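Residue numbers (our numbering), protein chains in the order written: chain A, 1057 to 1389; chain B, 961 to 1299.
Glycine is no exception: its CB is placed at the ideal position from the N, C-alpha and C atoms.
Since the structure is predicted, the reported quantities are computational estimates derived from the model, not experimental observations.
Note sheet for the following structure.
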């Protein structure tokens, strides 16, 4: 059950799909690059959990998802948010703690919600989004809306109790939920094999009679096929899927991480194999697009990002009078 | 906003029933009124219909889709309720016993309570989690706690504790149709002992309105849930000694009817807060502090608290009785204010 891909009809990954994945992944990468540059320049403070290196996963998933499908993610979720289509202006304003942010400056980087794009919850608690996504999928099933819910989490989250409760419940009720474990090999500062008893998290799917796949999350073809199979199955009423997408994070747990626990050679090799430029090279080498065409895409994305950061820098701070708003529907003293 | 069905002769329709029946009736009615209302919880399906049979007949009437039995997975129950609530449903999860809320505290405290705020009002969590508890039944330390204190201390949650059958129905309907997460605390000893006239139909008691259970002029007894009945009994006894106690049943701790509390204590000049939760850092402390801040010059004595001992709930009956706030404790606290 660990890899069912070979047993099913392999969805084709054509040139246009690869370019679409490249475009989404590049947007997430450039955004992350820009944010870290701003932090390093001292222009923005706070916490930031870079997702650099993991962009192919949400890019491939969002090449399949519909705009009204739901995504739940976690604090290392900027690539998921950008890929789902959270408007960059309101996303950036939120990261900057501004009133024009998607959450009016009350959420911040660990709590992004943007209902307009279906990014329904971002949690700051490891794994807590997993049972919530079960409820999002349950709602879609009960309303017969045809929507699916994708929940992203790390390898560390696969060791919390709620992961197991959620997988059991989703499988029991055949919910349209796709559990995406972005296995970046580290649970905060602890390497995978010091915290996880099984060599592949995908193996845990079998314990819940759940379709499960172990894929190279940095391989756009494999990731796209996995997403296609899982999302199509969910939409067809064929229940949930656990996708373990193996990847690697380049920037450690959070900004300022000195990464002494990540072997230098391992990190170096991962960065040399950066999946985003690798895909770029492949698209050009395969003559799917020219270098100039990709550069034009990148320029357009960079302009959108620049615009978003300018917007956020100029955006007003929250009004202190709004401190007590939105605790309840009607204010309670 | 109290909606009451009236019969053709103008009399309020309804009948006397036990609290447990009133709760069943409210759930049934809510599911009938609104297709987005659904239950999920352990053992709630027929034929058992829940530990006390509260859900009996509902899964047969509405199907297992809407009266949804769950595995013993409190985190997933609460998480699923939250996810459904932010995407258009009105879930009514049941956490069998209040102590088990500690098992899903992350979902309740970090998520249900905070998602509206953290999302800047884009999402809200219209769920009502029902739970049952209460000491005195010999269930020991992990099946009896009153944990309203930490819930009241969590902005974003509403906290409701009925003491009568009518309020159980009216408050539960209001809770289910409220757009914020409500923790609805049922003190199981009241399931069968509280029996009173319950209006028929879509009867709602607004959240945030305390009930004057007894009028009085000399001292205000402030309580909720089961201890309201103890306060009423003590008040009747005190009347023979010439002390007329007003008894306030708060019904909802959040939102809190501070106006009615201050009006009553402003009138009597004396207040005793009575609750079954342990004394230390209980909600009584908050009430005592607030009353003191607002009415300091008008009080004839300090605000007294009568509450459980600062211990886990013990098993042996003699210990459990000693643990719980008693009618004698209430009377002693009141008399102390008249020395």
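Secondary structure of residue 1162 (chain A), DSSP reduced to three states: Reading the first chain from its first residue, position 106 is the one you call residue 1162 (chain A). In this structure, residue 1162 (chain A) counts as coil in the three-state DSSP scheme.
Residues that residue 1228 (chain A) contacts on chain B, provided the C-beta gap is smaller than 8 Å: For the purposes of this step, residue 1228 (chain A) is identified with residue 172 of the first chain, where counting begins at 1. Counting only Cβ-Cβ distances below 8 Å, residue 1228 (chain A) has contacts in chain B at 1031, in chain order.
Whole-Å CB distance - residue 1299 (chain B) paired with residue 1265 (chain B), under 8 Å assumed: Start at 1 with the first residue of the second chain, and residue 1299 (chain B) comes out as number 339. Start at 1 with the first residue of the second chain, and residue 1265 (chain B) comes out as number 305. 17 Å between Cβ atoms; not a contact.
Distance between residue 1146 (chain B) and residue 976 (chain B) (C-alpha atoms, nearest Å): As a position in the second chain, residue 976 (chain B) is number 16, starting the count at 1. As a position in the second chain, residue 1146 (chain B) is number 186, starting the count at 1. Going from the Cα of residue 976 (chain B) to the Cα of residue 1146 (chain B) covers about 19 Å.
Pair within 7 Å by beta-carbon distance, residue 1140 (chain B) and residue 1161 (chain A): Residue numbering aside, residue 1140 (chain B) sits at position 180 when the second chain is read from its first letter. Residue numbering aside, residue 1161 (chain A) sits at position 105 when the first chain is read from its first letter. Residue 1161 (chain A) is positioned such that its CB atom lies no closer than 7 Å to that of residue 1140 (chain B).
Nonlocal neighbours in the same chain, by C-beta distance under 7 Å from residue 1194 (chain A), ignoring five residues either side: Position 138 of the first chain holds residue 1194 (chain A). For residue 1194 (chain A), where only same-chain residues beyond five positions count, the Cβ hits under 7 Å are 1229, 1231.
Pick from A:1275, A:1242, A:1220 that is closest to residue 1250 (chain A), judged by C-alpha positions: The sequence position of residue 1250 (chain A) within the first chain is 194, counting from 1. Closest by alpha carbon: A:1242.
Minimum Cβ-Cβ distance from residue 1371 (chain A) to chain B less than 7 Å: For the purposes of this step, residue 1371 (chain A) is identified with residue 315 of the first chain, where counting begins at 1. It does not; no Cβ of chain B falls within 7 Å.
Between the CA atoms of residue 1216 (chain B) and residue 1169 (chain B) - distance to the nearest angstrom: For this step, residue 1169 (chain B) is matched to residue 209 along the second chain. For this step, residue 1216 (chain B) is matched to residue 256 along the second chain. So the alpha carbons of these two residues sit roughly 7 Å apart.
Interface residues of chain A facing residue 1083 (chain B) [CB-CB closer than 9 Å]: Within the second chain, residue 1083 (chain B) is the residue found at index 123, counting from 1. The contacting residues are 1169, 1171, 1176, 1177.
C-beta contact flag for residue 987 (chain B) and residue 1151 (chain B) at 7 Å: Walking along the second chain from the start, residue 987 (chain B) turns up at place 27. Walking along the second chain from the start, residue 1151 (chain B) turns up at place 191. Cβ distance not < 7 Å, so residue 987 (chain B) and residue 1151 (chain B) don't count as in contact.
Nearest candidate by alpha-carbon position, reference residue 1118 (chain A), set A:1287, A:1171, A:1187, A:1213: Counting from 1 along the first chain, the entry for residue 1118 (chain A) is found at position 62. Selected option, being the one with the closest Cα: A:1287.
Cβ pair count under 8 Å reaching 3, the stretch 1205–1213 of chain A against the stretch 1180–1188 of chain A: yes
Closest by C-alpha distance to residue 1013 (chain B), when choosing among B:1131, B:1085, B:1148: Position 53 of the second chain, counted from the first residue, corresponds to residue 1013 (chain B). The option with the nearest alpha carbon to residue 1013 (chain B) is B:1148.
Supposed contact pair residue 1050 (chain B) and residue 996 (chain B) - C-beta distance, whole angstroms, cut 8 Å: Along the second chain, one-based indexing puts residue 996 (chain B) at 36. Along the second chain, one-based indexing puts residue 1050 (chain B) at 90. Indeed they touch by this definition, with Cβ atoms about 5 Å apart.
Burial state of residue 1281 (chain B) (16 or more Cβ within 10 Å): The residue given as residue 1281 (chain B) occupies position 321 in the second chain. So residue 1281 (chain B) ends up on the exposed side.
Minimum length 3: unbroken beta strand (DSSP E) runs contained in the stretch 1135–1197 of chain A: Complete beta strand (DSSP E) runs here, min 3: 1175–1179.
Contact with chain A by residue 1220 (chain B), beta-carbon distance below 7 Å: In the second chain, residue 1220 (chain B) corresponds to position 260, counting from 1. Cβ-Cβ to chain A under 7 Å: no for residue 1220 (chain B).
Extent of the continuous beta strand (DSSP E) to which residue 1238 (chain A) belongs: Working through the first chain from its first residue, we reach residue 1238 (chain A) at position 182. Residues 1233–1239.
For residue 1159 (chain B) and residue 961 (chain B), the rounded distance between their alpha carbons: As a first step, residue 961 (chain B) must be located in the second chain, where it is residue number 1. As a first step, residue 1159 (chain B) must be located in the second chain, where it is residue number 199. A caution first: residue 961 (chain B) carries a pLDDT of 41, below 50, which makes its placement in the model too unreliable to give a value.
DSSP three-state assignment for residue 1289 (chain B), whether helix, strand or coil: By 1-based counting over the second chain, the position of residue 1289 (chain B) is 329. Residue state, collapsed to three classes: helix.
Extent of the continuous alpha helix (DSSP H) to which residue 1078 (chain B) belongs: Here residue 1078 (chain B) refers to the residue found at position 118 when the second chain is read from its first residue. Start and end: 1075–1078.
CB contact check: residue 1043 (chain B) to chain A, cutoff 7 Å: In the second chain, counting from the first residue as 1, residue 1043 (chain B) sits at position 83. Judged by the 7 Å Cβ criterion, residue 1043 (chain B) is in contact with chain A.
For residue 1220 (chain A), three-class secondary structure by DSSP: Within the first chain, residue 1220 (chain A) is the residue found at index 164, counting from 1. Residue state, collapsed to three classes: helix.
Chain A contact for residue 961 (chain B) (CB, 7 Å cutoff): Reading the second chain from its first residue, position 1 is the one you call residue 961 (chain B). Unreliable positioning characterises residue 961 (chain B) in this predicted model, as indicated by a pLDDT of 41, which lies under 50. The coordinate reading is nonetheless provided below. Residue contact with chain A for residue 961 (chain B): absent (no Cβ-Cβ distance below 7 Å to any residue of chain A).
9 Å Cβ cut-off: residues of chain A touching residue 1195 (chain B): Position 235 of the second chain holds residue 1195 (chain B). Within chain A, no residue comes near residue 1195 (chain B); the closest Cβ sits about 29 Å away, beyond 9 Å.
Assigned exposure category for residue 1238 (chain A) - 16 Cβ within 10 Å defines buried: Position 182 of the first chain, counted from the start, is the residue given in the question as residue 1238 (chain A). With 16 or more other Cβ atoms inside 10 Å of its own Cβ, residue 1238 (chain A) counts as buried.
Closest Cα partner of residue 1313 (chain A) within the set A:1085, A:1103, A:1091, A:1069: Reading the first chain from its first residue, position 257 is the one you call residue 1313 (chain A). Measuring from the Cα of residue 1313 (chain A), the nearest candidate turns out to be A:1103.
Whole runs of the alpha helix (DSSP H) within the stretch 1028–1080 of chain B, excluding any shorter than 4 residues: 1034–1045, 1075–1078
Simplified DSSP assignment, three categories, for residue 1330 (chain A): Indexing the first chain from 1 puts residue 1330 (chain A) at position 274. The answer is coil: DSSP assigns residue 1330 (chain A) none of H, G, I, E or B.
Cβ of residue 1022 (chain B) within 7 Å of any chain A Cβ: The count along the second chain starts at 1 and reaches residue 1022 (chain B) at position 62. Closer than 7 Å: no.
CB contact below 7 Å: residue 1379 (chain A) versus chain B: Along the first chain, one-based indexing puts residue 1379 (chain A) at 323. So, not an interface residue.
Burial state of residue 1327 (chain A), where buried means 16 or more other Cβ atoms lie within 10 Å: On the first chain, position 271 is the one that residue 1327 (chain A) refers to. Counting the other Cβ atoms within 10 Å of the Cβ of residue 1327 (chain A) gives fewer than 16, which makes it exposed.
Minimum C-alpha distance to residue 1230 (chain B) - residue among B:1214, B:1261, B:1100: Taking the second chain and counting its residues from 1, one reaches residue 1230 (chain B) at position 270. That would be B:1261, whose Cα lies nearest to the Cα of residue 1230 (chain B).
Cutoff 6 Å; reference residue 1295 (chain A); Cβ partners in own chain excluding five residues on either side: On the first chain, residue 1295 (chain A) is found 239 positions in, with the first residue counted as 1. These residues qualify, in order along the chain: 1230.
Sequence-distant residues of the same chain with beta carbon closer than 8 Å to residue 1252 (chain B), five excluded per side: As a position in the second chain, residue 1252 (chain B) is number 292, starting the count at 1. Result list for residue 1252 (chain B): 1259, 1262, 1263, in chain order.
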